[in-house]
Amino acid sequence: RGVNLYLIGMMGVGKTTVGRLLAKELGYGFLDTDDVIVKAAGKSINEIFVDEGEAEFRQLESDVLAQVCAYTKLTIATGGGIVLRRENWGYLRHGLIVWLDAPVEILLNRLAEDDTRPLLQDSDPEGKLRSLLEQRQSLYSQADLHITIAATQTPEQIVTCVLDAIPSVLK
Ligand code: ADP
Ligand code: MG
1 RGVNLYLIGM MGVGKTTVGR LLAKELGYGF LDTDDVIVKA AGKSINEIFV
51 DEGEAEFRQL ESDVLAQVCA YTKLTIATGG GIVLRRENWG YLRHGLIVWL
101 DAPVEILLNR LAEDDTRPLL QDSDPEGKLR SLLEQRQSLY SQADLHITIA
151 ATQTPEQIVT CVLDAIPSVL K
């Protein structure tokens with residue numbers, strides 16, 4: 001038995017980093033929706049945003065989610081905007097949703113050197129992150145079968161918190 005585990009939350013919160021470690025601990029496969037899209041498209045997320053636009057990127061994300069529903073025992077790191085589309089919630093609810101949450105100051109710190117985030121290519125990254133969080137906060141917290149984890153500690157500590165919080169049938 002076992003279902004997929006979906007990590008949601010803002011860019012920079014550590015979905016990719018924690019997801020990879022968590023998968024190893026659980027003996028699950030690991031998949032990052034951004035990686036799948038980049039490999040399939042043969043270009044970076046930034047390039048997809050420029051060439052195709054955000055709406056097309058969101059469609060590609062939904063396509064990946066639809067495909068991974070066919071599998072179980074995967075830990076899936078999603079993109080920060082995955083919660084924006086209503087149809088994605090149907091896919092996410094196929095598994096267990098874990099929301100990683102951290103304040104904007106911490107996200108900014110973690111993303112300081114990172115130029116691979118198209119939505120952060122802004123003259124005011126802090127203001128941008130705050131408005132994105134404001135727009136998404138209620139969405140991140142809306143899952144009925146979800147777990148919220150404070151993601152301010154080290155990746156290893158966060159993994160321990162998630163393992164403590166998820167039902168034993170998944171382990
Ligand atoms: P996401 O996938 O949610 O956008 P990443 O896993 O890519 O986030 O992490 C963003 C950056 O923050 C990376 O440089 C990563 O090494 C770092 N990072 C991730 N989690 C933590 C953490 N718990 N503490 C410190 N730095 C972290
Ligand atoms: Mg990521």
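Under the working numbering, read the sequence shown as residues 1 to 171, first letter to last. Where a beta carbon is used, it is the ideal one built from N, C-alpha and C, also for glycine. For clarity, every value in this text was computed on a predicted model and none was experimentally measured.
Segment contact flag, the stretch 107-119 with the stretch 63-72, C-beta cutoff 8 Å, min 3 pairs: no
Inter-residue Cα distance where the pair is ILE8 and LEU133: Spanning the two alpha carbons is a distance of roughly 12 Å.
LYS128 beta carbon near the ligand MG (any heavy atom closer than 7 Å): no
Element boundaries [beta strand (DSSP E), containing LEU29]: A small fix is needed here, since residue 29 is Gly in this sequence, not Leu. Note, GLY29: beta strand (DSSP E), 29-32.
Classification of GLY80 by the beta-carbon crowding that lies within 10 angstroms, buried from 16 upward: buried
Where the alpha helix (DSSP H) through ASP115 begins and ends: Element bounds for ASP115: n/a, residue is neither H nor E.
Range covered by the beta strand (DSSP E) that runs through TYR71: Unbroken run through TYR71: none, as it is neither H nor E.
Run of the beta strand (DSSP E) containing LEU100, from where it starts to where it stops: 96-101 is the span of the beta strand (DSSP E), which, as asked, contains LEU100.
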